[in-house]
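Step one of this worksheet: look at the structure below.
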Amino acid sequence: MRDLLEKTISQVKKQGAEGDLVFQSSKNLKLSAFGNELSEYKVSGTQILGLRLIKDQKIGIAFTESLDQDSLDLLVKRAIENASASSTNEFETISSEMGEVVDNELIADGVDVDTKVAKVVGLFNEFKKKDSRVESLPYNGYGENENFNLFLSTSGRIIQRTDQFMQVWAMPLLKEGNKKSTFYDNLIAKEFKELQWQDLVNKTTDLAASFLQSTHLKTGRYQVEFTTDSLNDFFQMFSGIFSGKSVVNKVNAWQKLVGQKVFHDDLTLVDDTHLKDAFSHYQCDGEGFKHLPMTLIENGILKTFLHNSATAKELGVKNTFHAVRGPGSALGVGRTNFILKAQKTHAFNNSYIEIVQMDGLFSGSNAVTGDFSCGVKGFLHQNGEKIPFADATLSGNFFEMMKNLSVLDASLSADSGRSLFVPRMIFHDLSIAGL
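Per the numbering used here, the sequence shown starts with residue 232, numbered consecutively.
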């Protein structure tokens, strides 16, 4: 296959153009059960090849799922045609990086599929053992993905990456009298043996059981603690605030705030793909440049945005080597692993809200202004008691929230995907609508 792609790169050169190819393929397995019976056994695979071509400062993108010679010839032809029909772009170029990088995070599994099927089929019984009130598992399953990526450019840059992940998820439905309650969670790992199935059973069942006894909060303003997964949802929802691409497009509320305070001054935000405890590590970005650790916010002060070569050139700043591009997409910008480091900690003895689930954040938020509104459930910690609540609505502004907080513990906790690492924090004066 690599020979075919190298021939395609040669064709691009013969057209007097520069370009890069992104090839992605994956093998996927998905299992799920209904009661004690296997309800889904799905094996699938995908492959796609994308070409980004630049000729006379015009960009053409084309992609194909077929790798026969006729399809590859047509791929180059379409990219040339798309480039000729596009506007001039003086900022986007093909990287001049050369050399080969092998980026392998694939681990031999060694577990047969029958073992995996048995684990999924037996999941409902494990929940029933934990709590007889578990009526069903309306949402459950196991999945695994093995991915292969190959990047080639006309300058001679070749990057080969392989990785994998395995995931199990469950949402038990508990019933007691006329009351019903659910709680969803998932686990992710590089190897099957690393998946802690019983931890998933214990956590989801215990939380669903707690919410069978949930009360309603009084409407008011509260001190709030979020799970790391909830905080990761916020960072994903408002990821554009860290992007040089959104600055170029003039949809970034921070675009004039470099050198000014945007987070609490106890916090420093670093993007570091090489962090040992992270789930994934990427040696190179989507243009073939080597990834380097980058401090975005230092002691609350915005230092830089994440950039690819084009956004950096257009804004007259340094490239941070955070380009991303899929086979059929334009050049973008993306984070790797975010580490939020704390400079100081503070004592906190007041009552507070612990939020363990948010619903509707992505539909109820404005990515540009930072405003958000979503349903939440969790616990009220007050006078030594831990009181479950549900059916409440949290609202606020993410940008202001990240300034108005106290760090309680500087040690870092990771989200379930191990791409966000944060200290324990209490956010002050957030609005919750209850009764």
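For every residue, glycine included, the Cβ atom is placed at its ideal position computed from N, Cα and C. Nothing here was measured: the structure is a model prediction, and the numbers come from that model.
- Residue pairing by DSSP places R452 opposite S662 in a beta bridge.
- The C-alpha of T576 is placed about 55 Å away from the C-alpha of A248.
- Secondary-structure assignment with DSSP links L636 through a beta bridge to F658.
- By the Cβ neighbour-count rule, D430 is exposed, with fewer than 16 other Cβ atoms within 10 Å of its own.
- Rounded to whole angstroms, the separation of the alpha carbons of V455 and H612 is 10 Å.
- S477 and F620 do not touch by the CB rule: their CB atoms are close to 35 Å apart, not below 8 Å.
- Beyond the five residues adjoining it in sequence on each side, Y415 comes within less than 6 Å, by CB distance, of M402 in the same chain, given in chain order.
- With respect to the 8 Å criterion, L506 and N568 are classified as neighbours on the basis of their beta carbons.
- Put simply, the region 416-435 touches the region 379-398. At least three CB pairs are less than 8 Å apart.
- Scanning the region 268-337 for uninterrupted alpha helix (DSSP H) segments of 4 residues or longer gives 300-315, listed from N- to C-terminal end.
- Under the rule that a run must span 3 or more residues, the beta strand (DSSP E) segments found entirely inside the region 573-605 read 583-590.
- Linking I292 to D502 through their CA atoms gives a straight-line distance of about 29 Å.
- Cα atoms of N356 and L262: separation of roughly 16 Å, rounded to the nearest angstrom.
- The residues H447, L448, K449 and T450, in chain order, have a CB closer than 8 Å to that of L666 in the same chain once the five nearest residues on each side in sequence are set aside.
- Per DSSP, I240 lies in no beta strand (DSSP E); the unbroken alpha helix (DSSP H) holding it starts and ends at R233 to K245.
- The beta carbon of T504 is closer than 7 Å to those of H512, Y513, H522, T567 and N568 in its chain, skipping five residues each way along the sequence.
- Residue state for L506 is assigned as coil, using DSSP reduced to three classes.
- Its Cα nearest to that of K245, the residue V307 stands out among M232, V307, L235 and V274.
- As computed with DSSP, A645 is found in a beta bridge with F652.
- Bounds of the beta strand (DSSP E) holding D251 are E249 to F265.
- Within the same chain, and ignoring the five residues on either side of F465 in sequence, the residues whose Cβ sits closer than 7 Å to its Cβ are F629.
- If you draw a straight line from the Cα of V607 to the Cα of Q588, it comes to about 6 Å.
- Under the DSSP assignment, S540 falls in the alpha helix (DSSP H) whose first and last residues are S540 to L546.
- When DSSP assignments are scanned along the region 369-420, the uninterrupted stretches of beta strand (DSSP E) that are 3 or more residues long and fall wholly within it turn out to be 388-407, 410-413 and 416-420.
- D660 sits close to N635, with the two beta carbons spaced by under 8 Å.
- Of all alpha-carbon atoms in L443, Y370, A316 and G281, the one lying nearest the alpha-carbon of L305 is that of G281.
- Remark: C-beta atoms of V348 and L269 approach each other more closely than 8 Å.
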